[in-house]
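Enquirer: Residue numbers (the numbering used here): 275 to 429.
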Amino acid sequence: MISIGNPAPDFTLFSSDKEKTTLSSFRGENIVLLFFPLAFTSTCTEELCSIRDNIEFYNKVNAKVLAISVDSHYTLARYKKDQGLNFTLLSDFNKEVSATYGSLYEKFGYNMRGVSKRSAFVIDKEGIIRYTEVLDNAGEVPNFERITAVLRGLV
């Protein structure tokens, strides 16, 4: 179980740019780790475009945004381009990282199984979890006011 104060489980996933991306390679930077159900859906697009539009804040607090879904890296590449997203999208196609972080729906709409739950984690420069939020309702978005407050406290 992922708990505040514990080390963030490390992982390596492929990005939408087909690059291997390892969480621990970001040590020395704060991380906002987001899980989202599916590319090209309304709530996911609203959430990620909000991050895009506020990326300067994340840059100011030395925070990298990593957003993960179970979509393929090909789908994520198209989604990133279409939405003009300016942060890293990662494919958890095999669902292992989503499961590790407790962010996987067993059942989702339209009889889909194994879709990432909308979730947010803040990881500090030392790789320690400082905030967790896992939402059961895919129509809700994480509390970005709380995330912002946690990030400001890490500066």
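Glycine included, every Cβ here is placed at the ideal spot set by N, Cα and C.
Of all the beta strand (DSSP E) runs that stay within the bounds of the segment 333–365, which reach a length of 3 or more residues?
Expert: Entirely contained in the segment 333–365, the beta strand (DSSP E) runs reaching 3 residues are, in chain order, 337–343, 362–365.
Enquirer: So what's Glu-330 in DSSP terms, helix, strand or just coil?
Expert: Here Glu-330 sits in helix by DSSP.
Enquirer: Suppose contacts are defined by Cβ-Cβ distances below 8 angstroms. Is Ser-372 in contact with Phe-309 by that definition?
Expert: Yes, the Cβ-Cβ distance between Ser-372 and Phe-309 is below 8 angstroms.
Enquirer: Pick out whichever of Lys-354, Leu-363, Val-344 has its Cα sitting closest to the Cα of Glu-380.
Expert: For the residues Lys-354, Leu-363, Val-344, the minimum Cα distance to Glu-380 belongs to Val-344.
Enquirer: Between which two residues does the alpha helix (DSSP H) harbouring Leu-287 extend?
Expert: Looking at the DSSP string, Leu-287 is not in any alpha helix (DSSP H); the run it does join, the beta strand (DSSP E), is 286–289.
Enquirer: Hey, how far is the Cα of Glu-330 from the Cα of Lys-338?
Expert: Rounded to whole angstroms, Glu-330 to Lys-338 spans 11 angstroms at the Cα level.
Enquirer: With distances taken Cα to Cα, identify the nearest neighbour of Ser-377 among Ile-342, Asn-360, Ser-316, Leu-359.
Expert: Answer by Cα proximity: Ile-342.
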